[in-house]
Structure formats: C-alpha cells, structure tokens
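Heads up: the sequence lines are chains A and B, in that order.
According to my numbering, numbering within the first sequence proceeds without interruption in unit steps and concludes at 78.
According to my numbering, numbering within the second sequence proceeds without interruption in unit steps and concludes at 390.
Note that CB positions come from ideal geometry on N, CA and C, so glycine has one too.
Computed from a predicted model, the values in this text were never measured in an experiment.
Take a look at the structure below.
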Amino acid sequence: MAKIKGAIVVDVEKCKGCEVCVISCPTHVISMTKDVNGKGYHYAYMENSDACTGCTNCAIVCPDGVISVYKIKVDA
Amino acid sequence: MQISTKDIIKPENLVYTKTKLLTDTPLSYCPGCGHGTANRIVMEVLDEMGVQDKTIGIAPVGCSVLAYNFMNVDMIQAAHGRAPAVATAVKRVFPDKFVFTYQGDGDLAAIGTAETIHACNRGENITIIFVNNGIYGMTGGQMAPTTLPNMKSSTSPYGRDVEIMGHPLRITELVAQLPGTYFVSRQAVHTPAAVRKAKKAVRKAFENQKLNKGLSFVEIVSNCNSGWKMTPNDSNKWMEENMFPAYPLGDIKVPKDENI
Numbered sequence: 003m004a005k006i007k008g009a010i011v012v013d014v015e016k017c018k019g020c021e022v023c024v025i026s027c028p029t030h031v032i033s034m035t036k037d038v039n040g041k042g043y044h045y046a047y048m049e050n051s052d053a054c055t056g057c058t059n060c061a062i063v064c065p066d067g068v069i070s071v072y073k074i075k076v077d078a
Numbered sequence: 131m132q133i134s135t136k137d138i139i140k141p142e143n144l145v146y147t148k149t150k151l152l153t154d155t156p157l158s159y160c161p162g163c164g165h166g167t168a169n170r171i172v173m174e175v176l177d178e179m180g181v182q183d184k185t186i187g188i189a190p191v192g193c194s195v196l197a198y199n200f201m202n203v204d205m206i207q208a209a210h211g212r213a214p215a216v217a218t219a220v221k222r223v224f225p226d227k228f229v230f231t232y233q234g235d236g237d238l239a240a241i242g243t244a245e246t247i248h249a250c251n252r253g254e255n256i257t258i259i260f261v262n263n264g265i266y267g268m269t270g271g272q273m274a275p276t277t278l279p280n281m282k283s284s285t286s287p288y289g290r291d292v293e294i295m296g297h298p299l300r301i302t303e304l305v306a307q308l309p310g311t312y313f314v315s316r317q318a319v320h321t322p323a324a325v326r327k328a329k330k331a332v333r334k335a336f337e338n339q340k341l342n343k344g345l346s347f348v349e350i351v352s353n354c355n356s357g358w359k360m361t362p363n364d365s366n367k368w369m370e371e372n373m374f375p376a377y378p379l380g381d382i383k384v385p386k387d388e389n390i
C-alpha cells in the first residue's frame with residue numbers, strides 16, 4: 003500500500019515561536035528548538051519527522067506563514 | 131525503503147508555501163496573533179482568483195496599519211475608521227476593481243462606526259474584513275467597544291462593568307440587519323479547520339463583489355495574546371471559552387437564493 007510521507011521547512015529567521023503549529027499537528031511532529039534565532043525566539047522544527055503526513059495543518063495555521071510543506075507517495 | 135527528509139524536500143513535492151501575494155517583509159504582529167493568518171487567507175483568496183492587478187486594499191489604523199507593507203496589491207492607508215468611506219470612493223471611481231478594507235475592532239466598531247454603518251446601508255459593492263480581538267491591541271490593550279463584560283483590559287483593570295461602561299457592541303449582527311449587506315459571516319482563525327472555513331467565507335465575499343451583489347462583511351474573531359496577557363495557545367483556548375459564546379461563529383446573513 004502506498005504511504006504518504008511529508009516534511010516541513012521552517013523559515014527559521016521569521017519564526018516567532020508562538021507554538022500554534024505544535025498543538026495543530028495531528029501526529030505530534032513539531033517541537034520548539036532549544037536554540038534561538040536572530041530575534042531570540044525558539045523556532046519550530048520536525049522532532050519526529052517519520053510521522054509527518056504532509057497534511058499542511060501547521061502551515062495553514064501559522065500566523066507568519068513560515069512553514070512550507072512537501073509531500074510524496076512512497077510505495078511500501 | 132527508507133526515505134530521508136532530504137528526498138522529500140524537493141520543489142516538485144511542494145504542497146503548501148506562503149503565497150506570493152504576501153511580501154517577504156516579516157509581519158509586525160506579535161507571535162501567535164491571528165492577524166497574520168487573516169492577512170494570509172485574504173491574499174491566498176486573491177491569488178487563487180488571479181486578481182492581484184485588479185485589487186485595491188484599504189489599510190486601517192491599528193495593528194494592521196502596516197498591511198500595505200505585507201500585502202502585495204495596491205493599498206491605500208485611510209484615516210482612523212474611515213476605510214469604508216475611502217473604499218466607497220475607490221469603488222465608485224473604479225467599478226471594475228476589487229476593493230476591500232481590512233479593519234480591526236477599534237477602527238471599525240469604535241471610531242469608524244458611522245462610516246461602517248452607512249457604507250453597509252448604502253450597499254456599496256465592497257468587501258469588509260473585520261478582525262475582532264475585543265481590545266485596542268496596538269495602543270496597549272485598552273478597552274474597546276467589543277470588550278466582553280468583566281474582561282480585564284488596561285483601562286478596565288477590574289473588568290468591564292456593564293453598568294458604567296456599557297455592553298459589548300456586536301456590530302456584525304447590527305450590519306446584518308441593514309438591507310444593503312448581501313453576505314455577513316463570522317469566522318475564526320485559531321485552528322486549521324477554522325482557517326479553512328474562514329478562507330471559504332472570504333472567497334465567497336470576493337466572489338460576491340465580482341458578481342456586483344453588494345457589500346460582503348466577514349468578521350474574524352481573533353486573539354490578542356499580548357493584550358490579554360496570555361501565551362498564544364492559552365489565548366486561543368480563552369477565546370474559545372469566552373469570546374465564542376458572545377460572538378458565535380457562522381454565517382449570519384446568507385443570500386436567500388443560495389446556501390454555502
């Protein structure tokens with residue numbers, strides 16, 4: 003059965019660390035880094051990248067539009 | 131077969147990214163503010179309709195005063211509250227353009243009440259996007275006409291006392307009573323599902339303008355985490371528990387001949 007795999011790219015310097023994406027992710031992929039960006043915010047990253055399905059929920063809810071979503075179909 | 135993240139991140143696999151109708155200027159809103167999402171869905175709708183070169187937006191005074199820096203369409207910055215009046219003039223001079231105003235509650239429901247109500251009553255063929263966060267966010271969280279009863283703000287530190295300060299103004303219900311408005315809806319942008327619904331309502335509002343149907347009014351209930359002194363996620367939860375009972379989501383006035 004084909005499986006959908008996704009990945010996100012966060013524009014690190016524009017992320018303001020609001021964490022709205024973290025609770026919007028249905029598969030709990032996103033966390034905040036311990037590092038900070040140039041403005042001093044903790045930014046979002048894929049902690050559990052295997053679980054990402056590319057559903058775009060995080061990108062749709064991101065107030066600053068910093069998340070891009072990629073998705074492919076994998077034949078398992 | 132193991133697929134690495136690098137294999138997925140290729141231009142041909144892109145499914146979602148920020149629309150080109152938003153400039154690369156970092157948004158000036160606070161972290162987690164619903165304004166950013168509201169800006170984005172308006173621009174996404176205009177992008178999908180392919181009307182970037184035919185759109186004129188009116189920026190208000192308030193947190194979204196710098197909207198002309200973020201929205202990559204022709205913009206005018208109106209005096210405080212006067213955006214519907216400016217939009218009326220622009221639409222009458224250029225009837226084939228898409229004209230929208232993007233206003234907050236201090237702008238639309240306080241100082242601009244007269245302009246709003248009369249533009250709605252005349253049924254100008256414009257789209258009004260109204261972002262309601264129940265507070266004057268830009269100037270430091272003062273009480274606005276839309277502030278809820280017993281809600282604390284910097285000018286009502288013991289909570290809004292309705293005996294002295296009056297009741298919250300539900301201007302969306304007010305303009306829905308006027309014969310000039312064609313489509314009136316209230317949405318939110320705090321969850322992915324809510325954003326999708328809000329985008330549909332905004333799309334509908336601009337489609338109505340294309341068909342010369344009359345004024346479309348979309349309220350977006352938003353959070354103001356800085357003004358409410360909460361984290362973004364806490365403020366979204368507070369909004370669900372307190373704002374939504376006072377400002378229920380959904381379509382308030384839908385044209386009789388159709389349902390969305």
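Within 8 Å, strictly: CB atoms of residue i and residue j
{"i": "I188(B)", "j": "A209(B)", "result": "no"}
{"i": "Q339(B)", "j": "T257(B)", "result": "yes"}
{"i": "S284(B)", "j": "G271(B)", "result": "yes"}
{"i": "M201(B)", "j": "L152(B)", "result": "yes"}
{"i": "D237(B)", "j": "P298(B)", "result": "no"}
{"i": "Y45(A)", "j": "G19(A)", "result": "yes"}
{"i": "G1(A)", "j": "R170(B)", "result": "Residue 1(A) cannot be examined here, being either before or after the span of chain A that is shown, 3 to 78."}
{"i": "K7(A)", "j": "I62(A)", "result": "no"}
{"i": "C27(A)", "j": "Y43(A)", "result": "no"}
{"i": "Y232(B)", "j": "R300(B)", "result": "no"}
{"i": "C354(B)", "j": "I265(B)", "result": "yes"}
{"i": "G162(B)", "j": "P362(B)", "result": "yes"}
{"i": "G164(B)", "j": "S352(B)", "result": "yes"}
{"i": "H320(B)", "j": "M360(B)", "result": "no"}
{"i": "L144(B)", "j": "C250(B)", "result": "no"}
{"i": "N39(A)", "j": "E21(A)", "result": "no"}
{"i": "I350(B)", "j": "A217(B)", "result": "no"}
Alpha-carbon spacing of residue i relative to residue j, whole angstroms
{"i": "V76(A)", "j": "G56(A)", "result": "13 Å"}
{"i": "P65(A)", "j": "G242(B)", "result": "26 Å"}
{"i": "K31(A)", "j": "I139(B)", "result": "Here residue 31(A) turns out to be Val, not Lys, going by the sequence shown. Computed Cα separation, rounded: 16 Å."}
{"i": "V261(B)", "j": "D226(B)", "result": "26 Å"}
{"i": "D235(B)", "j": "T135(B)", "result": "43 Å"}
{"i": "G192(B)", "j": "E49(A)", "result": "37 Å"}
{"i": "K184(B)", "j": "V203(B)", "result": "8 Å"}
{"i": "R252(B)", "j": "K383(B)", "result": "16 Å"}
{"i": "L341(B)", "j": "F224(B)", "result": "15 Å"}
{"i": "K41(A)", "j": "I259(B)", "result": "30 Å"}
{"i": "N263(B)", "j": "C54(A)", "result": "32 Å"}
{"i": "P275(B)", "j": "T246(B)", "result": "14 Å"}
{"i": "S70(A)", "j": "I294(B)", "result": "49 Å"}
{"i": "S365(B)", "j": "S286(B)", "result": "18 Å"}
{"i": "N255(B)", "j": "H248(B)", "result": "13 Å"}
{"i": "G180(B)", "j": "D291(B)", "result": "47 Å"}
{"i": "S356(B)", "j": "A4(A)", "result": "45 Å"}
{"i": "C23(A)", "j": "Y146(B)", "result": "14 Å"}
{"i": "T35(A)", "j": "M273(B)", "result": "36 Å"}
{"i": "K148(B)", "j": "P141(B)", "result": "14 Å"}
{"i": "V175(B)", "j": "K329(B)", "result": "7 Å"}
{"i": "P375(B)", "j": "A215(B)", "result": "31 Å"}
{"i": "D13(A)", "j": "V229(B)", "result": "31 Å"}
{"i": "D219(B)", "j": "D154(B)", "result": "Position check: residue 219(B) holds Ala in this sequence, whereas Asp was assumed. Taking the straight line from one Cα to the other gives about 30 Å."}
{"i": "M373(B)", "j": "N59(A)", "result": "23 Å"}
{"i": "K150(B)", "j": "V348(B)", "result": "23 Å"}
{"i": "V11(A)", "j": "E371(B)", "result": "33 Å"}
{"i": "S51(A)", "j": "Y72(A)", "result": "12 Å"}
{"i": "A197(B)", "j": "Q182(B)", "result": "15 Å"}
{"i": "R316(B)", "j": "A9(A)", "result": "33 Å"}
{"i": "Y119(B)", "j": "T29(A)", "result": "No statement about residue 119(B) is possible, as the shown extent of chain B runs from 131 to 390 and does not include it."}
{"i": "G296(B)", "j": "S33(A)", "result": "43 Å"}
Beta-ladder partner(s) of residue i, from DSSP
{"i": "G192(B)", "result": "G192(B) is not bridged to any residue."}
{"i": "F260(B)", "result": "Q233(B) and E349(B)"}
{"i": "L144(B)", "result": "Y72(A)"}
{"i": "I6(A)", "result": "K75(A)"}
{"i": "V11(A)", "result": "S70(A)"}
{"i": "F228(B)", "result": "T185(B)"}
{"i": "L152(B)", "result": "M201(B)"}
{"i": "Q272(B)", "result": "Y266(B)"}
Within-8 Å CB hit, residue i to chain D
{"i": "R326(B)", "result": "This model lacks chain D altogether, as its protein chains are A and B."}
Which full runs of the beta strand (DSSP E) of 3+ residues lie inside the stretch 359-389 of chain B, going along the chain? For the stretch 359-389 of chain B, whole beta strand (DSSP E) runs of length 3 or above, ordered along the chain, are 380-383.
Which whole runs of the alpha helix (DSSP H) in the stretch 277-360 of chain B are 4 residues long or more, in chain order? Qualifying alpha helix (DSSP H) stretches, in chain order: 292-295, 301-306, 322-340 and 355-358.
Decide if the stretch 329-339 of chain B is in contact with the stretch 273-281 of chain B; the criterion is three or more beta carbon pairs, one per stretch, under 8 Å apart. Two segments are said to touch when three or more pairs of C-beta atoms, one from each, lie closer than 8 Å; by this definition the stretch 329-339 of chain B does not touch the stretch 273-281 of chain B.
If you scan the stretch 155-206 of chain B from start to end, which runs of the beta strand (DSSP E) of 3 or more residues do you find wholly inside it? Entirely contained in the stretch 155-206 of chain B, the beta strand (DSSP E) runs reaching 3 residues are, in chain order, 185-189.
Residue ranges of each beta strand (DSSP E) run of no fewer than 3 residues wholly in the stretch 32-72 of chain A, ordered along the chain? DSSP assignment within the stretch 32-72 of chain A yields the following whole beta strand (DSSP E) runs of 3 residues or more, N-terminal first: 32-38 and 44-48.
Decide if the stretch 299-306 of chain B is in contact with the stretch 369-382 of chain B; the criterion is three or more beta carbon pairs, one per stretch, under 8 Å apart. Below 8 Å, enough C-beta pairs join the stretch 299-306 of chain B and the stretch 369-382 of chain B to call them touching: three or more.
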